[in-house]
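Undergrad: So the sequences go chain by chain: A and B. Those letters in the first sequence? Residues 1 to 131, by the working numbering. Those letters in the second sequence? Residues 1001 to 1131, by the working numbering. Heads up, the beta-carbon is just placed ideally off N, CA and C, and yes, glycines get one too. Just so you know, these numbers come straight off a predicted model, no measurement behind them.
Number of protein chains: 2
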Amino acid sequence: MSAKTPQPPRPTDAELEILTVLWARGPATVREVHEIIAQRKPAQYTTVLKMLQIMAEKGLVRRDEKERAHIYQASRPREWTQRQLAGDLLQRAFNGSAKSLLVGALAARKASKEELAELRKLLEEYEKGTQ
Amino acid sequence: MSAKTPQPPRPTDAELEILTVLWARGPATVREVHEIIAQRKPAQYTTVLKMLQIMAEKGLVRRDEKERAHIYQASRPREWTQRQLAGDLLQRAFNGSAKSLLVGALAARKASKEELAELRKLLEEYEKGTQ
DNA sequence: CATAATCTACGAAGACTTTACTACGAAGAG
DNA sequence: CTCTTCGTAGTAAAGTCTTCGTAGATTATG
């Protein structure tokens, strides 16, 4: 009965940038998204509009057309998409090894003591949850 | 003095697939790469050839033309590229948070008890190394 | 009301990705 | 030596990604 949204595809670079804005801001108009994007890089209003239209077609965002200025929101929560991306890279580049992925991440960006503590705690929690 | 190879770009999906073969096999001819790729999916010989030519232009692989059948090898070790990819995703999708990345990876593919132990061990080693 | 501002839709250019066909030279087999 | 096999190079088609210009409708403003 419930017509589930089909699995949206892996977002591209530009799409991910826009999703990031939507996750941070919540539902937003093209104008709002554009204002934030434009702070970081030159981009025309219609470019953002077009991206959002395409993303709506792909199912990456949903849009509410009740108002004249349509309101867009990410169709999946940040965590869901992050899981997809992590799983995808894990399989494509790390042969499924979470350890290798973590090695890569730590090598790419040195972690602080606090972050390491967080990571350890995360593993603890996770073990509790699965056993 | 040393004319360093410029930083090669992030490999695409198809490129990563070929790099994976080269990392596993070491230097190889087009034919050897093709034989392995063709086991997993239908692909013409010249397709693999073309990919390798393009990858050589981009600096992702180096080629030795001394023999008639050129020999290709990854220009960067697997770990180096993994670090790039992990760092790239970390920044693009996880706002630099290694913790979030690990959460995503663990959610995407449940880790076994053994793997969790490995991860913990990795963090220990890493802390020793940095303090 | 007339004009300006705001919005969506459409179209399309240019770059990149992936795939495969064709051409042609070099090496190997009978 | 002739014919087949193996190899590279070049060309290009089809698809995707990213960007932006133009058009036309709707709303706000003087």
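Could you have a look at B/R1010 and say whether DSSP puts it in helix, strand or coil?
TA: The sequence position of residue 1010 of chain B within the second sequence is 10, counting from 1. If DSSP states are grouped into helix, strand and coil, B/R1010 belongs with coil.
Undergrad: Which residue wins for smallest C-alpha separation from B/Y1045, given the options B/M1055, B/E1032 and B/A1056?
TA: Taking the second sequence and counting its residues from 1, the one referred to as residue 1045 of chain B is at position 45. The shortest C-alpha separation from B/Y1045 is found at B/E1032.
Undergrad: Starting from the beta carbon of A/K99, find every residue of chain B whose beta carbon is closer than 8 angstroms, and list them in chain order.
TA: Position 99 of the first sequence holds residue 99 of chain A. What A/K99 touches in chain B: E1115, E1118, L1119 and L1122.
Undergrad: B/A1111 by DSSP, collapsed to three states: which one?
TA: As a first step, residue 1111 of chain B must be located in the second sequence, where it is residue number 111. Looking at B/A1111 - three-state DSSP - the assignment turns out to be coil, as it is neither helix nor strand.
Undergrad: What are the complete alpha helix (DSSP H) segments, minimum 4 residues, inside the segment 1071 to 1119 of chain B?
TA: The qualifying runs are 1078 to 1094 and 1098 to 1108.
Undergrad: DSSP three-state call for B/R1025: helix, strand or coil?
TA: What you label residue 1025 of chain B is simply residue 25 of the second sequence in a count that begins at 1. In the structure shown, B/R1025 sits in a helix (DSSP, three-state: H, G or I).
Undergrad: Start and end of the beta strand (DSSP E) containing A/R63?
TA: The residue you call residue 63 of chain A lines up with position 63 of the first sequence. Where A/R63 is concerned, the enclosing beta strand (DSSP E) stretches over V61 to D64.
Undergrad: For B/R1068 and B/R1062, what's the separation of their Cα atoms in angstroms?
TA: For the purposes of this step, residue 1068 of chain B is taken as the residue at position 68 of the second sequence. For the purposes of this step, residue 1062 of chain B is taken as the residue at position 62 of the second sequence. Cα to Cα, the separation comes out at about 15 angstroms.
Undergrad: For B/A1086 versus B/L1101, is the C-beta distance shorter than 9 angstroms?
TA: On the second sequence, position 86 is the one that residue 1086 of chain B refers to. On the second sequence, position 101 is the one that residue 1101 of chain B refers to. Their beta carbons are under 9 angstroms apart, which means B/A1086 touches B/L1101 by this criterion.
Undergrad: Where do the N-terminal and C-terminal ends of the alpha helix (DSSP H) with B/R1040 fall, by residue?
TA: Against the second sequence, residue 1040 of chain B aligns to sequence position 40. Counting along the chain, the alpha helix (DSSP H) containing B/R1040 begins and ends at V1030 to R1040.
Undergrad: Compute the Euclidean distance between the alpha carbons of A/A98 and B/Q1082, then round it to the nearest angstrom.
TA: Reading the first sequence from its first residue, position 98 is the one you call residue 98 of chain A. Reading the second sequence from its first residue, position 82 is the one you call residue 1082 of chain B. Rounded to whole angstroms, A/A98 to B/Q1082 spans 12 angstroms at the Cα level.
Undergrad: Once DSSP output is grouped into helix, strand and coil, what is the label at B/T1047?
TA: Sequence index remark: in the second sequence, residue 1047 of chain B carries index 47 (1-based). DSSP places B/T1047 in helix when its eight states are reduced to three.
Undergrad: With H, G and I counted as helix, E and B as strand and the rest as coil, what does DSSP make of A/E17?
TA: Here residue 17 of chain A refers to the residue found at position 17 of the first sequence. If DSSP states are grouped into helix, strand and coil, A/E17 belongs with the helices.
Undergrad: Work out the CA separation of A/R78 and A/P6 for me, nearest whole Å.
TA: On the first sequence, position 6 is the one that residue 6 of chain A refers to. On the first sequence, position 78 is the one that residue 78 of chain A refers to. If you take the alpha carbons of A/P6 and A/R78, they lie about 17 angstroms apart.
Undergrad: Might you give, ordered along the chain, the residues of its own chain that have their beta carbon closer than 6 angstroms to the beta carbon of B/D1064, omitting 5 neighbours on each side?
TA: Reading the second sequence from its first residue, position 64 is the one you call residue 1064 of chain B. Closer than 6 angstroms at Cβ, skipping near neighbours: I1071.
Undergrad: Taking 8 angstroms as the limit between beta carbons, can you name the residues of its chain near B/R1010, skipping five residues before and five after?
TA: As a first step, residue 1010 of chain B must be located in the second sequence, where it is residue number 10. Excluding residues within five positions, the ones whose Cβ falls inside 8 angstroms are Q1084, L1085 and D1088.
Undergrad: Report the three-state DSSP secondary structure of A/A69 (helix, strand or coil).
TA: To locate residue 69 of chain A, count along the first sequence from 1; it is residue 69. Three-state DSSP puts A/A69 in coil, outside helix and strand.
Undergrad: What residues of chain A sit near B/W1052, judged by a beta carbon separation below 9 angstroms?
TA: By one-based count along the second sequence, residue 1052 of chain B stands at place 52. The residue asked about is misnamed: residue 1052 of chain B is Leu in this sequence, not Trp. By Cβ distance, chain A contributes nothing, its closest Cβ being about 19 angstroms from B/L1052, past 9 angstroms.
Undergrad: What does B/G1059 touch in chain A if you count any residue whose Cβ is under 7 angstroms from its own?
TA: Translated into positions along the second sequence, residue 1059 of chain B becomes position 59. Those do not exist, as B/G1059 stays about 18 angstroms from chain A at its closest Cβ, beyond 7 angstroms.
Undergrad: Is B/R1111 buried or exposed, if buried means 16 or more other CB atoms sit within 10 Å of its CB?
TA: Locating residue 1111 of chain B in the second sequence gives position 111, where the first residue counts as 1. The residue you asked about is not Arg; residue 1111 of chain B is Ala in the sequence shown. Classification for B/A1111: buried.
Undergrad: Using a Cβ-Cβ cut-off of 9 angstroms, state whether A/L102 counts as contacting chain B.
TA: Position 102 of the first sequence, counted from the start, is the residue given in the question as residue 102 of chain A. Closer than 9 angstroms to some Cβ of chain B, the Cβ of A/L102 qualifies, so yes.
Undergrad: In chain order, what residues of the same chain have a beta carbon less than 6 angstroms from the beta carbon of A/E17, not counting five sequence neighbours either side?
TA: For the purposes of this step, residue 17 of chain A is taken as residue 17 along the first sequence, with counting starting at 1. Excluding residues within five positions, none has a Cβ falling inside 6 angstroms.
Undergrad: In whole angstroms, give me the CA-to-CA distance for A/A108 and A/K66.
TA: In the first sequence, residue 108 of chain A corresponds to position 108, counting from 1. In the first sequence, residue 66 of chain A corresponds to position 66, counting from 1. Going from the Cα of A/A108 to the Cα of A/K66 covers about 45 angstroms.
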